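Undergrad: Just dropping this structure here.
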Amino acid sequence: MGTVAVLLTSTVTIAAPASSAAGTPLAGGGTGVTASDLARQFRSYLAGRPGAVSVALYDATSGRTVVSGNSTRTGWETASTVKLDILAALLSKTGKSGTLTAAQTALAKKMISVSDNAAASQLWKQAGGSAGMNAFFRKLGMSATTAGAGGKWGLTKTTARDQLAVLRAIAYPNSTLSAAARATAATLLGTVVSSQRWGLTAGVPAGVTVRIKNGWLPYGGGWVINSLAHVHGRGRDYVMAVYTRNSATESTGIATVKGLSRIAWNAGPVRG
619 MGTVAVLLTS TVTIAAPASS AAGTPLAGGG TGVTASDLAR QFRSYLAGRP GAVSVALYDA
679 TSGRTVVSGN STRTGWETAS TVKLDILAAL LSKTGKSGTL TAAQTALAKK MISVSDNAAA
739 SQLWKQAGGS AGMNAFFRKL GMSATTAGAG GKWGLTKTTA RDQLAVLRAI AYPNSTLSAA
799 ARATAATLLG TVVSSQRWGL TAGVPAGVTV RIKNGWLPYG GGWVINSLAH VHGRGRDYVM
859 AVYTRNSATE STGIATVKGL SRIAWNAGPV RG
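Per my numbering, the very first residue in the sequence shown carries number 619; after that it's consecutive.
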């Protein structure tokens, strides 16, 4: 497996060739796109958008990973997307049962479905605080992610590429989360209220499952707008992470994420 640089801020991890021939119509989105071309499409779109943005996508059908953006920044505030990390960290402690306690389940539902901050603070402590979360990040190989100090979980620093590790642990079979734990996460993500299902749902047709967790935070004189999602259906299966900073308004940042989502779906499966 090799890594190909695409201009200054894009890299592509190349896996085995996809089975579908180039140009053959595939279910969901377009006919398919190479990893390098998708990275360039993202970068071209972001050249016309304000703020700093990092985007990463893993296509499960081909094993390709695409990383792109318009910034060399290496530390992105997670805002509420870290709530998905907290959930995964807690579930990693449940073994094969994949079952949280009744109290944890109630808190996790609040944390995920309506992005409740008080619930997140309690579960952050139960996950071991900054030390416990950093241990979990290292377990997943997230070398560019550092938990927020002093209980400030929303200021955890990460990268879009690192967050793919959490998304993949929740979406696909792995040694960190049992099948039951992943099912628990999927159920909770299915409860996210409609008003918080913006971002990486854009451009995805009805009938396709999108499990999503977003984050938003006024910070540093602008807005941090982030989105994590697993998109599955109509021949597509991918996880995607978008991290943004310095959007002048919340709506501007959301529009940027939506644009990236449409590009990802419309491009079709990543072929190489």
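Glycine is no exception: its CB is placed at the ideal position from the N, C-alpha and C atoms. Only a predicted model underlies this, so the values are computations on that prediction, with no experimental measurement involved.
Any contact between the region 767 to 786 and the region 846 to 865? By contact I mean 3 or more CB pairs, one from each, below 8 Å.
TA: With the cut-off at 8 Å, the region 767 to 786 and the region 846 to 865 touch.
Undergrad: Quick one: is P887 buried, meaning 16 or more other Cβ sit within 10 Å of its Cβ, or exposed?
TA: By the 10 Å Cβ count, P887 comes out buried.
Undergrad: Pull up the DSSP beta-bridge partners for I788, would you.
TA: DSSP, once it has assigned bridges, lists no residue as partnering I788.
Undergrad: How is W820 classed by DSSP in three states: helix, strand or coil?
TA: The amino acid at residue 820 is misidentified as Trp; the sequence shows Ala. If DSSP states are grouped into helix, strand and coil, A820 belongs with coil.
Undergrad: Enumerate, from N- to C-terminal direction, the unbroken beta strand (DSSP E) stretches of 3 or more residues contained entirely within the region 658 to 727.
TA: Counting only runs of 3 or more, we get 670 to 677 and 682 to 687.
Undergrad: Cβ atoms of A665 and V576: under 8 Å apart, would you say?
TA: There is simply no residue 576 to check, as the chain begins at 619 and stops at 890 in what is shown.
Undergrad: Spatial neighbours of D703 within its chain, please: CB distance less than 6 Å, with the 5 preceding and 5 following residues excluded, ordered by chain position.
TA: Contacts found: V784.
Undergrad: Let me know if T719 comes out buried or exposed under the rule of 16 or more other beta-carbons within 10 Å of its beta-carbon.
TA: So T719 counts as exposed.
Undergrad: Please work out which residues of its chain come closer than 7 Å, Cβ to Cβ, to G871, disregarding the five sequence neighbours upstream and downstream, and give them in chain order.
TA: Contacts found: G669, W841, I843, T862 and S865.
Undergrad: Does the pairing of the region 787 to 802 with the region 737 to 748 give three or more beta-carbon distances under 8 Å?
TA: Contact between the region 787 to 802 and the region 737 to 748 is absent, because fewer than three Cβ pairs lie under 8 Å.
Undergrad: May I ask you to verify whether the region 678 to 692 touches the region 763 to 773, counting CB pairs closer than 8 Å and requiring at least 3?
TA: Output reads no: the region 763 to 773 does not touch the region 678 to 692.
Undergrad: Going by Cα to Cα distance, which pick from T819, A745, A847 and A797 is closest to A873?
TA: Checking every option, the nearest Cα to that of A873 belongs to T819.
Undergrad: Helix, strand or coil, according to DSSP, for D655 in the structure here?
TA: In the structure shown, D655 sits in a helix (DSSP, three-state: H, G or I).
Undergrad: Tell me the residue span of the alpha helix (DSSP H) that contains V875.
TA: Counting along the chain, the alpha helix (DSSP H) containing V875 begins and ends at E868 to A885.
Undergrad: Rounded C-beta distance between M751 and A707? I'm assuming under 8 Å.
TA: The pair is a contact, with the Cβ atoms about 6 Å apart (cut-off 8 Å).
Undergrad: I'd like to check one pair, R880 with G825: are the Cβ atoms closer than 8 Å?
TA: Taking 8 Å as the Cβ cut-off, G825 and R880 do not qualify as a contacting pair.
Undergrad: Quick check on R682: buried or exposed, where buried means 16 or more other Cβ atoms within 10 Å of its Cβ?
TA: Answer is buried; the Cβ neighbour count reaches 16.
Undergrad: Please state whether DSSP places A803 in a helix, a strand or coil.
TA: In the structure shown, A803 sits in a helix (DSSP, three-state: H, G or I).
Undergrad: For G808, I'd like the list of residues in its chain whose CB is within less than 8 Å of its CB, leaving aside the five on either flank, ordered along the chain.
TA: Contacts found: R829.
Undergrad: Nearest-angstrom Cα distance between F660 and L705?
TA: Cα to Cα, the separation comes out at about 29 Å.
Undergrad: Tell me, please, which residues DSSP counts as bridged to W834.
TA: For W834, which the question treats as bridged, DSSP gives the partners I843.
Undergrad: Look at the alpha carbon of V728 and the alpha carbon of A657, and state the distance between them as a whole number of angstroms.
TA: Contrary to the premise, residue 728 reads as Lys rather than Val in this sequence. Looking at the two C-alpha atoms, the distance is approximately 35 Å.
Undergrad: If you run the structure through DSSP and keep just helix, strand and coil, what is M729?
TA: Helix at M729.
Undergrad: Can you name the residues that DSSP bridges to A738?
TA: None; A738 has no bridge partner.
Undergrad: With burial defined as no fewer than 16 other Cβ atoms inside 10 Å of the residue's Cβ, what is the status of R786: buried or exposed?
TA: R786 is buried by the Cβ-count criterion.
Undergrad: If distances are taken between C-alpha atoms only, which option among L725, S680 and E695 comes closest to T777?
TA: Ranking the options by Cα distance to T777, first place goes to E695.
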